[in-house]
Structures are given as C-alpha cells and as structure tokens.
Amino acid sequence: MAKPFREVLNSGKFVVTSEVGPPKGTNLEETLRHIDLLKDRVDALNVTDNQSSVMRYPSLGGCILIKERGGEPILQMTCRDRNRLALQADLLFAYTQGIRNVLCLTGDSIPVGDHKEAKAVFDLDSVQLLKTVRTMESGKDLGGNDLNGAIEFCPGAIVTPEARPIEPQLHKFKKKMAAGAEFFQTQAVYDLDNFRKFMEYARGLDKNIKILAGIVLLASARMARYMNENVPGIFVPQALIDEMASAEKGKALQKGIDIAGRLIRQIREEAICDGVHIMAISREEVVPDILAAAGF
Amino acid sequence: MTSQSQFEPQIIAFACHYCAYAAADLAGIMRLQYPTNIRIIKLPCSGTVDLLHILKAFEQGADGVFVAGCLKGGCHFIEGNIRAERRVERAKGILDSIGLGRDRLEMFFLSASEAPRFAEAAREMTERIRRLGPSPIKGV
Amino acid sequence: MIVAKQKPLEEIREMIEGYERILVLGCGTCTAICLAGGDKEVAVLVSSLRMADKISGKNRLFREHTVERQCEWEFLDEIEEQVKEVDAILSLGCGVGVQAISERFPEILVLPGLDTLFMGMPQEEGIWIERCSGCGNCILDETGGICPITRCAKGLLNGPCGGTRDGKCEVDPEKDCAWTLIYQRLEKQGKLELFDEYHPPRNFQVVMRPGKFMIK
Chain Z
1 MAKPFREVLN SGKFVVTSEV GPPKGTNLEE TLRHIDLLKD RVDALNVTDN
51 QSSVMRYPSL GGCILIKERG GEPILQMTCR DRNRLALQAD LLFAYTQGIR
101 NVLCLTGDSI PVGDHKEAKA VFDLDSVQLL KTVRTMESGK DLGGNDLNGA
151 IEFCPGAIVT PEARPIEPQL HKFKKKMAAG AEFFQTQAVY DLDNFRKFME
201 YARGLDKNIK ILAGIVLLAS ARMARYMNEN VPGIFVPQAL IDEMASAEKG
251 KALQKGIDIA GRLIRQIREE AICDGVHIMA ISREEVVPDI LAAAGF
Chain D
1 MTSQSQFEPQ IIAFACHYCA YAAADLAGIM RLQYPTNIRI IKLPCSGTVD
51 LLHILKAFEQ GADGVFVAGC LKGGCHFIEG NIRAERRVER AKGILDSIGL
101 GRDRLEMFFL SASEAPRFAE AAREMTERIR RLGPSPIKGV
Chain B
1 MIVAKQKPLE EIREMIEGYE RILVLGCGTC TAICLAGGDK EVAVLVSSLR
51 MADKISGKNR LFREHTVERQ CEWEFLDEIE EQVKEVDAIL SLGCGVGVQA
101 ISERFPEILV LPGLDTLFMG MPQEEGIWIE RCSGCGNCIL DETGGICPIT
151 RCAKGLLNGP CGGTRDGKCE VDPEKDCAWT LIYQRLEKQG KLELFDEYHP
201 PRNFQVVMRP GKFMIK
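Protein chains in written order, with the working numbering: chain Z, 1 to 296; chain D, 1 to 140; chain B, 1 to 216.
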C-alpha cells in the first residue's frame, strides 16, 4: 500500500510523481500495465482527464484502478467538461473510493481536441475549483447546503514557470496558493536558470509550498521544435534541441531519456525544488529508464 | 435564336475618368480599332462602381462587363482602383454562385496614355464573351 | 450592435424553394451597419436571386423593402399590405427581427437570410468583434474595462489559463488573451490589486433564459 501523498510531500524527501494517460475506449490492458510498472516506482501517479480535449476513459476510473492495485493516485479534474454539480459529485465519489489527491485544472480549450463542436463548460475555473475542495472539506457544498459526510483532499494545481509574459501567471499562482493549493506540478521545465528565478519567487510567497518540476520527455528534435512553436509555456533551449539532433539514428529517444535524467539529477542535487513530475506521454514504459538515468 | 457566329456580345465597360476613359478617348483619336460591342460608362473613379451596378448590368442583359481603372499606385483618388478590384472579386463570386460564371466580368488596370491597352482589353473581352455565348439571362 | 452575416446564396436558394412570391425584407439598424441586411444588401441579394432564377428557368416574384428596425412591431406595420401579397418573407434582420416579424404575421413563413453572430462593434471597416455576452452582471469595473466572459475564450473569471502565449490565446493566435490585456490595463491604471482579487464562481442564472426584463 502506497503512503498517502500528503505525507510524502511533507516528509522532506525528493518527491517523484508521474502520469498515465487512459485509453480512448474500454481496453484497459495497456493502462493496467503502465500502472503496475510505475505504482511502486513513484510517490504518486496522476491520471489525465480528457487531456488536450480528447475524449478518453476518465481520470476517476483510472484512479480507482490505481487504488485497487495498491498505488497512490492523483485525480485530475478539469473544468472544461463538468459543471459545479458534476465536479462536486465526482469529488464525493472519489473520496469514497479512497482517492485523496486532486489536481485542479482549468482545462484545454475545445478546439484543440477531437470534438470540435462540443460545448465547453467552464462553469468553474481552477482557482474556484480549489476553493470548492476547501469549501466541501468544511462540510458544505457550493450551494451552501450541509454535506452528509464530508471529504478531505490534498489539492494541487499547475503553474507555468516559463509563461510569457510571466507576471500574470505569477499573480495567478499566488491566487491558487491563497485558494488552498498544497502542491504544484509545473509545466515542462528545461531551463534551470529561469526555473531557479521562479522558485525564488515561489519561496518568497510561501516557503512551505511544494513544487514539483515538470519533466517532459523529449522523443526527437522535431518534437522539441514543435513544442516551442505550438505549446504555450514550453521553451526547449536550442542547446537541447541540438543535443537531440546530434543523436544517431534510432537513438533519439535514449538521448531524451538521458536529458530528462540529467535535469532530474541536477534539480535534486541542487534542491532547486521539492521534486519532479515526469510526463512521458504515450511512452510511459520508459519512465523507469528516466528514473535510472536520474540516479534513482 | 442567333447562332454562335452571329452573336454580337453586348459589353458594358465602367471606365474611370482619369485613366481608363482617357485611354479610350485616346484610342479613338489614334484611330485604333476596337470592337463596337463595348458601351462605355464614365465614372469619376473606378472606386465608385458599386456591386449593384455590376449586377444590374447583367440583370438587364449585358453579356459581359468590365471595370477599368488606373494602374495600382496611380489612382487619382489613391485607393479607388483597389476598392474596385475587391468589389469586382466579390461580384465574380456572386456570378459563380448564380450560375452566370465569373469569366463574364473582368477588371483591368491601365494609365491614361495606354490607348492600345484599352483597345486590347476591349478585344479580349469581346472574344471571351463571344466564346462564352450570350448571357443566359437575356431574353428570358 | 448585433452582428450577423448573410447565409451563403446556395443556402438561401434552398430555403426559398417552393415559394413563388417572396418579400425580401431588410433592416436599417444593426444588420445594415454590419453590411449584412441593409437596403443595399437587399438589392444585391434580390438581383442575384432574380438572375439565378432566370438561369434556372424559374420566374418567381421578389419584392424588396427595408424597415427602420425589424425588432419593433410598430416598424412592421408598414409592410402589412405587402405581406398579404407574398407567400414567404426572407428576413435580412437578426434572429430577433426574424421572430418579431413571425409573431407579428404568424400566418406567413419567415425565413432567416442571416446567421446572427454576437453583440459587438466594428474594429475597422469590414471587421466586427464581439464585446458583450449579455451575462446580466457586469464586472467591467473590476477588470479594467475588458470583459473576460466575452473576450476570454473560456470565459474565466480568474485568468489567465495555461494556454496563454505572448499575450495571445491558444484557441486562436490572432486573438488576444483577455487576461493578459486585463493585467496590462490594470497595471497601466495602477489597479493591480483588482487582478489579485478572487472572483467567485459566476452566477449563470442571473438572466434566466429566455430573458425577460420589465420596468416596474
């Protein structure tokens, strides 16, 4: 049985989390394999929720599977697909399934996904969702009604240390902290100097807030360039793109693993933040290799 | 019912005072031959052509229409010819969607001294419309 | 103003299929301003429809008229006689206009010649931009005069989201991130503390749809 995530966060150890992406369908074979592969190697495992606005098996379902198999899940909830009633109802359900960690996200917009004509909900945003968790913990729902059986969660949020411009993002980060976020998993970090600056700011606000640096595995130089051009808040420095490009044919993924391992090792050795969140989208099998490259 | 060989296109030309009409005038003075099928309507600027003028010309039976304005950059009213070009393009779209076809309408740019160019435009349009045949709207 | 755009000609022709006498009715207010349904647009549409008819061997009767505003019943009084002489009205007004005509003359079919888009204004000639969603609870005093409900693609009250990039929105890189604009505006006005204020969940039922407002 995995240790509760909140305990690990506060234990002072270097925290490692990762994520599994559920299938588009009911065939859970691969998901179960990924869960079994990672549940004992990381402190907690996120299950993404209709990530990139692509319809998939829900995070809640994935978290229940993790729980069944003895892992520690982090439920991801976006505000794009569910209104405040559904979100609160899901929190009640998640709690009864033993899930205790929730990452509160606004959610990607509809047009980036595969159901481009859908109605976007956004009844709440990420800050309001964090507050909702806290409100429900106090025994009431958002309508002001008493709950018959309360909940308790360790809520987290995301932050983009490389947002441009950075100021509005920093203010939003402050708001999320004030709303009750206990931990943050960041968007991909590649430039540690910039990240250090962000951490200075974060520690200045609250030295106890737990920040896990997002480590996104690079699979190719093309992927790095693509992200630079298309994904907000991700900037892969030219030096790393060149390093990826320099890999021999067929060895680019290994290069990516080495780079990820190196970043993690450096963050850990210099105690830049409290841990890392490893994202190897569609390549969950190599997370153990990344951990090995990082010296775990 | 006229046969193709006897079909004489009726073409309306909207010509701007400063360039196109002047060129047409000059063509006359130079005794340059161009088809008599063209009926010229003088405007202060090609930019004063309205979408409706073009459509009404066709509605009233014109087989072809062209708008002639100054060379780009040389419009006496700075941008009139650019606006005319956009309106002609819009009209072409409408002509396509109603089944008349965009080729019956054209935009030409020329300067006041280019009399041969005016004659050439007139000839080009006349031949083009002769090939396309009478407007299906005529005589209905 | 209400911004609308004309339906494609093919769609309009399909809609009027089967009707022999059609009144094309323009509107002299919003849709005239956004060049979709004013008297000029009515004239162009009728000319196009007449020519299209001739080419396809039809010969329907088209009447043209434009009223000051379609959305007030009094302004529709003047078409009462014309309505008796046609089988259908093709409205070039917004959705409000179409329904106002329909309620005023319920025995005749009213067809929408336009697709109504949003409440907005002209940015420059030929470009109209949405500015208000009619949420019923205006908070422009708190956001530096920029509406996040309308101009943020997600309608967030505590933005920006993670999809903002160089001040542009992830949904459309041509569109500004409303919350970046709000930040910059509040900074310029020396009111950044408003940016840090927590906005609680929006009341989506301020205006219970369909809306109705009465002066007491």
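For each residue, glycine too, the CB sits at the ideal point set by N, CA and C.
Assignment of beta-bridge partners to S91/B by DSSP yields L25/B and P112/B.
Annotation for P168/Z: the continuous alpha helix (DSSP H) segment containing it runs E167 to A179. According to the DSSP secondary-structure assignment, W128/B is paired through a beta bridge with P122/B.
For A153/B, the C-beta contacts it makes with chain Z under 7 Å involve S109, in order along the chain.
Contact between Q266/Z and T17/Z is absent: CB atoms are separated by about 18 Å, not below the 8 Å threshold. Rounded to whole angstroms, the gap between the alpha carbons of A153/B and D87/B is 42 Å. DSSP, reduced to helix, strand and coil, places H65/B within a strand of the structure shown.
Of all residues in the segment 170-190 of chain Z, the ones placed with a Cβ closer than 8 Å to any Cβ belonging to chain B are H171, K172, K174, K175, A178, A179 and Q187, in chain order. Only buried fits D108/Z, as 16 or more other CB atoms lie within 10 angstroms of its CB. For I101/B, the CB contacts under 8 Å within the same chain, skipping 5 residues up- and downstream, are L25, Q70, L76, I89, S91, G93 and V110 in chain order. In this structure, the beta-carbon distance from S220/Z to A252/Z falls below 8 Å. Beyond the five residues adjoining it in sequence on each side, R225/Z comes within less than 7 Å, by CB distance, of I241 in the same chain, given in chain order. Taking a Cβ-Cβ threshold of 7 Å, the residues of chain B close to E59/D are S47, R50 and M51, in chain order. Secondary structure of M136/Z (DSSP, three-state): helix.
Residues of the same chain with a CB within less than 7 Å of the CB of I12/D, apart from the 5 flanking positions on each side, are R39, I41, A57, A62 and V65 in chain order. One thing to note: P168/Z has its Cβ within 8 Å of the Cβ of T180/B. Under the rule that a run must span 3 or more residues, the beta strand (DSSP E) segments found entirely inside the segment 48-125 of chain Z read 73-78 and 101-105.
Nearest C-alpha to L55/D among K58/B, M208/B, S47/B and R60/B: S47/B. N145/Z is bridged by DSSP to nothing; it lacks a bridge partner. A direct Cα-to-Cα measurement between L186/B and G204/Z gives close to 24 Å. Under the Cβ criterion of 8 Å, L181/B is not counted among the residues facing chain D. Put simply, the CB of V24/B is far from chain D, with every gap to its CB atoms at 8 Å or more. Ranked by Cα distance from D196/B, the options C177/B, T143/B and G162/B are led by T143/B. Where E269/Z is concerned, the enclosing alpha helix (DSSP H) starts and stops at A252 to E269.
Close to V44/B, with beta-carbon spacing below 8 Å, are these residues of chain D in chain order: L51, L52, L55 and I94.
With 16 or more neighbouring CB atoms inside 10 Å of its own CB, R80/Z falls in the buried class. Relative to the Cα of L212/Z, the nearest Cα in the group V287/Z, L218/Z, R222/Z and M199/Z belongs to M199/Z.
In the DSSP assignment, M227/Z falls within the alpha helix (DSSP H) that extends over A221 to N230. For chain B, the residues of the segment 70-102 of chain D that bring a beta carbon within less than 7 Å of one of its beta carbons are I94, S97, I98, G99 and L100, in chain order.
Note on T96/Z: under 16 other CB atoms within 10 angstroms of its CB, so exposed under the neighbour-count rule.
Per DSSP, reduced to three states, the secondary structure at V287/Z is helical. Residue state for T150/B is assigned as helix, using DSSP reduced to three classes.
Between the alpha carbons of T135/Z and A150/Z lies a distance of about 10 Å. Contiguous alpha helix (DSSP H) elements confined to the segment 132-202 of chain B occur at 148-151, 178-188 and 192-196, taking only those with 4 or more residues. In the pairwise beta carbon analysis, the segment 276-290 of chain Z is classified as not touching the segment 77-93 of chain D: fewer than three pairs are separated by under 8 Å. Within the same chain, Cβ atoms closer than 7 Å to the Cβ of G145/B are found at R185, the five residues on either side in sequence being excluded.
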